[in-house]
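>
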Amino acid sequence: MYCSQQSNGQTIDPNAKPVQVSGVLGGSMSYYDVSGIENRRQPYGYRLFGSVNIKLYGWSFPFSVAISQQGSSFSQPFSLYGVSPQYKWIKLHLGHRNMKFSEFTLGGVTFLGGGVELTPKKFRFSAMYGRLRKAVEEPKNQFEIPQFERIGFGVKVGVGDKSFIDLSVFSAKDVLSSLRNPDSLQLRNAPEASNSIGLTGRVSMAKDKLNLDYDIGLSTFTADLRLNPIENIDSRLAESADQLNINSSSNASVAGSAGLQYKNEFFNTGVKYRYVQAGYRTLGTNYLLSDIEMITINAGTSIIQNRMSISASYGIQNNNLSERKYAKTARNIGSANINYRATDKLSFNASYSNFSIYQTVL
Numbered sequence: 011m012y013c014s015q016q017s018n019g020q021t022i023d024p025n026a027k028p029v030q031v032s033g034v035l036g037g038s039m040s041y042y043d044v045s046g047i048e049n050r051r052q053p054y055g056y057r058l059f060g061s062v063n064i065k066l067y068g069w070s071f072p073f074s075v076a077i078s079q080q081g082s083s084f085s086q087p088f089s090l091y092g093v094s095p096q097y098k099w100i101k102l103h104l105g106h107r108n109m110k111f112s113e114f115t116l117g118g119v120t121f122l123g124g125g126v127e128l129t130p131k132k133f134r135f136s137a138m139y140g141r142l143r144k145a146v147e148e149p150k151n152q153f154e155i156p157q158f159e160r161i162g163f164g165v166k167v168g169v170g171d172k173s174f175i176d177l178s179v180f181s182a183k184d185v186l187s188s189l190r191n192p193d194s195l196q197l198r199n200a201p202e203a204s205n206s207i208g209l210t211g212r213v214s215m216a217k218d219k220l221n222l223d224y225d226i227g228l229s230t231f232t233a234d235l236r237l238n239p240i241e242n243i244d245s246r247l248a249e250s251a252d253q254l255n256i257n258s259s260s261n262a263s264v265a266g267s268a269g270l271q272y273k274n275e276f277f278n279t280g281v282k283y284r285y286v287q288a289g290y291r292t293l294g295t296n297y298l299l300s301d302i303e304m305i306t307i308n309a310g311t312s313i314i315q316n317r318m319s320i321s322a323s324y325g326i327q328n329n330n331l332s333e334r335k336y337a338k339t340a341r342n343i344g345s346a347n348i349n350y351r352a353t354d355k356l357s358f359n360a361s362y363s364n365f366s367i368y369q370t371v372l
């Protein structure tokens with residue numbers, strides 16, 4: 011379990027207190043009981059979480075901690091600690107943290123290490139390095155499985171405000187030397203590696219009423235670092251492939267999404283397209299559905315002096331674009347919503363949704 015808290019920087023106020031402390035503390039307890047089958051856990055459990063924000067002469071130091079009962083006997087605690095101090099446009103990440111570059115490079119994975127975010131005016135720079143996954147050779151409880159240590163690093167640079175562009179690069183690999191005798195273990199996953207590059211941005215038009223957003227990614231993924239290198243290629247290419255951890259189990263793929271949205275005071279509408287090629291993977295995300303194509307349209311409006319809002323959307327999703335599976339599935343997703351605010355304390359809401367699935371055997 012993991013808790014995090016973000017805090018914005020502030021300018022120094024000569025009349026303000028040099029040190030200010032605020033925070034939140036919480037916890038929970040659980041009870042478990044079954045009949046007719048064997049108990050799968052201890053009857054009592056606990057969870058503690060808290061955050062403390064220390065402000066010291068303009069610097070913000072938000073600390074967070076989460077402690078819960080883990081282990082086969084549920085007697086050993088599990089905890090994560092991290093802090094992200096921030097002053098004006100400088101922000102640091104230390105300990106267990108997570109950063110987001112883009113959907114198709116780095117986003118949402120917790121790492122143990124360090125990072126920095128610099129945002130002076132319209133320029134942006136971010137970098138991180140850390141351990142994405144610890145090595146496990148002898149599992150201590152029923153939830154752990156043998157696995158290699160995983161290290162990752164990444165950089166993002168960008169410029170712009172309402173219209174902007176960001177370029178990000180992320181690389182991660184499992185460390186083969188992190189296990190003493192991997193061949194004797196029942197490894198569910200082979201040692202993996204990935205390299206990804208992403209381009210994210212927005213083009214704002216018509217006085218910010220019309221926006222084009224895009225997110226494009228290119229990734230190479232290696233399913234097993236232990237396999238042989240690629241044969242019959244130029245020596246210079248072979249050297250580059252070795253540096254990028256590319257071998258006979260590697261594949262390159264692309265992914266991306268783009269959306270065009272128009273919005274004014276009373277009306278908004280837009281269309282979004284998403285495509286993820288089969289086999290697209292980056293070790294910077296926890297989960298990413300691949301081999302799909304999706305088109306979505308939406309519209310909404312406000313009437314009766316903004317007391318009533320009406321919105322609707324419709325989307326089509328297809329998978330098995332590579333035709334590697336035995337069947338192809340198409341999904342139609344539609345929804346509509348009406349909300350009416352009669353008074354500040356009374357409102358009414360009505361919604362409708364429809365999900366249709368069609369499958370075709372190839």
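Each residue of the sequence shown is one higher than the one before, starting from 11 at the first, in the numbering used here.
Glycine is no exception: its CB is placed at the ideal position from the N, C-alpha and C atoms.
None of these values were measured; they are calculated from a predicted model.
(1) Count the other C-beta atoms from every protein chain shown that fall within 10 angstroms of the C-beta of Ala352, then say buried if there are 16 or more, exposed otherwise.
(2) Would you report the Cα separation of Ser319 and Tyr350, rounded to the nearest angstrom?
(3) In the structure shown, what three-state DSSP assignment does Ser85 receive?
(4) In the DSSP assignment, find the alpha helix (DSSP H) that holds Ala248 and state where it starts and stops.
(5) Within its chain, find whatever has a CB closer than 8 Å to the CB of Gln369; leave out the 5 residues flanking it on each side and keep chain order.
(6) By alpha-carbon positions, which one of Thr311, Tyr139 and Ala182 ends up nearest to Leu254?
(7) Measuring CA to CA, which of Lys355, Gly344 and Leu356 is closest to Ser366?
(8) Taking one C-beta from the stretch 255 to 269 and one from the stretch 290 to 308 each time, how about it: are there three or more such pairs within less than 8 Å?
(9) Look at the alpha carbon of Lys219 and the alpha carbon of Pro201, and state the distance between them as a whole number of angstroms.
(10) Measuring alpha carbon to alpha carbon, tell me which residue in Leu270, Phe277, Ser70 and Ser214 is nearest Phe174.
(11) When DSSP labels each residue in this structure, what does Pro201 get in the three-state scheme?
(12) Taking the alpha-carbon positions, what's the Ser136 to Gly117 distance?
(13) Look up Tyr362 in the DSSP assignment and say whether it is helix, strand or coil.
(14) Please state the DSSP three-state secondary structure of Ser187.
(15) First and last residue of the beta strand (DSSP E) that includes Lys282?
(16) Which same chain residues, not among the five before or five after Leu35, have their C-beta less than 6 Å away from its C-beta?
(17) Using beta-carbon positions only, say whether Ser259 and Leu228 come within less than 8 Å of one another.
(18) Taking 6 Å as the limit between beta carbons, can you name the residues of its chain near Tyr324, skipping five residues before and five after?
(19) Starting from Leu142 and walking both ways along the beta strand (DSSP E), at which residues does that stretch end?
(20) Is Asp193 helix, strand or coil by DSSP?
(21) For Phe84, which residues in the same chain have their Cβ closer than 6 Å to its Cβ, ignoring the five residues on either side in sequence?
(22) Taking Ser323 as part of the beta strand (DSSP E), name the residues at either end of that continuous run.
(23) Report yes if the C-beta distance between Gly164 and Phe231 is below 8 Å; otherwise report no.
(24) Alpha carbon to alpha carbon, how far is Arg160 from Met109? Give it in angstroms, no decimals.
(25) Suppose you measure from the CA of Tyr272 to the CA of Asp223; what does that come to, to the nearest Å?
(26) Distance check for Gly170 and Ile314, CA to CA, integer angstroms please.
(27) Nearest CA to the CA of Val62: which residue from Ser112, Val75 and Phe276?
(28) Could you check what DSSP says for Ile226 in three-state terms: helix, strand or coil?
(29) For Asn328 and Glu303, what's the separation of their Cα atoms in angstroms?
(30) Thinking just about the alpha-carbon of each residue, which of Asp193, Leu331, Gly140 and Gly123 is nearest to the one in Gln157?
(31) So what does DSSP say about Ala216, is it helix, strand or coil?
(32) Would Gly162 pass as a contact of Arg134 if the rule is Cβ separation under 8 Å?
(33) Please check the pair Asp225 and Thr210, which I expect to be a contact at CB under 8 Å, by giving their CB distance rounded to whole angstroms.
(34) Once DSSP output is grouped into helix, strand and coil, what is the label at Arg291?
(35) Give the straight-line distance between the Cα atoms of Asn364 and Leu270, rounded to the nearest whole angstrom.
Per the coordinate set shown:
(1) Position 342 of the sequence shown, counted from the start, is the residue given in the question as residue 352. Burial call: exposed.
(2) Here residue 319 corresponds to residue number 309 of the sequence shown, with the count starting at 1. Here residue 350 corresponds to residue number 340 of the sequence shown, with the count starting at 1. Rounded to the nearest angstrom, the two C-alpha atoms are 7 Å apart.
(3) The residue given as residue 85 occupies position 75 in the sequence shown. Legend: pLDDT at Ser85 = 35, less than 50; position of this residue unreliable, value from coordinates given subsequently. Coil at Ser85, not helix or strand.
(4) For this step, residue 248 is matched to residue 238 along the sequence shown. From DSSP, the alpha helix (DSSP H) with Ala248 extends over Ser245 to Gln253.
(5) Your numbering for residue 369 matches position 359 in the sequence shown. Within the same chain, Gln369 has close Cβ partners Ala337, Lys338, Thr339 and Ala340.
(6) The residue given as residue 254 occupies position 244 in the sequence shown. Ranking the options by Cα distance to Leu254, first place goes to Ala182.
(7) Residue mapping note: residue 366 aligns to position 356 of the sequence shown, counting from 1. Out of Lys355, Gly344 and Leu356, Gly344 has the C-alpha closest to the C-alpha of Ser366.
(8) yes
(9) Within the sequence shown, residue 219 is the residue found at index 209, counting from 1. Within the sequence shown, residue 201 is the residue found at index 191, counting from 1. So the alpha carbons of these two residues sit roughly 47 Å apart.
(10) Position 164 of the sequence shown, counted from the start, is the residue given in the question as residue 174. The shortest C-alpha separation from Phe174 is found at Ser214.
(11) As a working note, residue 201 is residue 191 in the sequence shown. In this structure, Pro201 counts as coil in the three-state DSSP scheme.
(12) Residue 136 sits at position 126 when you count from the first residue of the sequence shown. Residue 117 sits at position 107 when you count from the first residue of the sequence shown. Roughly 13 Å between the two C-alpha positions.
(13) For the purposes of this step, residue 362 is taken as residue 352 along the sequence shown, with counting starting at 1. Strand, per DSSP.
(14) For the purposes of this step, residue 187 is taken as residue 177 along the sequence shown, with counting starting at 1. The answer is helix: DSSP assigns Ser187 an H, G or I state.
(15) Taking the sequence shown and counting its residues from 1, one reaches residue 282 at position 272. Phe277 to Val286 is the span of the beta strand (DSSP E), which, as asked, contains Lys282.
(16) Position 25 of the sequence shown, counting from 1, holds the residue named residue 35. The residues are Gly60.
(17) On the sequence shown, position 249 is the one that residue 259 refers to. On the sequence shown, position 218 is the one that residue 228 refers to. Contact flag unset, no.
(18) Numbered from its first residue, the sequence shown carries residue 324 at position 314. Ile307 and Gly344, listed in sequence order.
(19) The count along the sequence shown starts at 1 and reaches residue 142 at position 132. Element bounds for Leu142: Phe133 to Arg143.
(20) As a first step, residue 193 must be located in the sequence shown, where it is residue number 183. Helix.
(21) The residue you call residue 84 lines up with position 74 of the sequence shown. Residue placement at Phe84 is flagged as unreliable, the pLDDT there being 35, under the threshold of 50; the coordinate-derived value follows with that caveat. Hits under 6 Å: Gln52.
(22) In the sequence shown, the residue the question calls residue 323 occupies position 313. It spans Met318 to Asn329 - the beta strand (DSSP E) in which Ser323 sits, taken as one unbroken run.
(23) To locate residue 164, count along the sequence shown from 1; it is residue 154. To locate residue 231, count along the sequence shown from 1; it is residue 221. Going by C-beta atoms, Gly164 is not nearer than 8 Å to Phe231.
(24) The count along the sequence shown starts at 1 and reaches residue 109 at position 99. The count along the sequence shown starts at 1 and reaches residue 160 at position 150. When rounded, the distance between both Cα atoms is 16 Å.
(25) On the sequence shown, position 262 is the one that residue 272 refers to. On the sequence shown, position 213 is the one that residue 223 refers to. Approximately 11 Å between the Cα atoms of the pair.
(26) Here residue 314 refers to the residue found at position 304 of the sequence shown. Here residue 170 refers to the residue found at position 160 of the sequence shown. Cα-Cα distance, rounded: 37 Å.
(27) Here residue 62 refers to the residue found at position 52 of the sequence shown. Ranking the options by Cα distance to Val62, first place goes to Val75.
(28) On the sequence shown, residue 226 is found 216 positions in, with the first residue counted as 1. Three-state DSSP puts Ile226 in a strand.
(29) Start at 1 with the first residue of the sequence shown, and residue 328 comes out as number 318. Start at 1 with the first residue of the sequence shown, and residue 303 comes out as number 293. Spanning the two alpha carbons is a distance of roughly 5 Å.
(30) Looking up residue 157 in the sequence shown gives position 147. Gln157 has its Cα closest to that of Asp193, out of Asp193, Leu331, Gly140 and Gly123.
(31) As a first step, residue 216 is located in the sequence shown; it is residue number 206 there, counting from the start. In this structure, Ala216 counts as coil in the three-state DSSP scheme.
(32) By 1-based counting over the sequence shown, the position of residue 162 is 152. By 1-based counting over the sequence shown, the position of residue 134 is 124. Not closer than 8 Å, so no.
(33) Start at 1 with the first residue of the sequence shown, and residue 225 comes out as number 215. Start at 1 with the first residue of the sequence shown, and residue 210 comes out as number 200. Yes, Asp225 and Thr210 are in contact; Cβ-Cβ is about 5 Å, under 8 Å.
(34) On the sequence shown, position 281 is the one that residue 291 refers to. Three-state result, Arg291: coil.
(35) For the purposes of this step, residue 364 is taken as residue 354 along the sequence shown, with counting starting at 1. For the purposes of this step, residue 270 is taken as residue 260 along the sequence shown, with counting starting at 1. Going by the C-alpha atoms only, they are around 24 Å apart.
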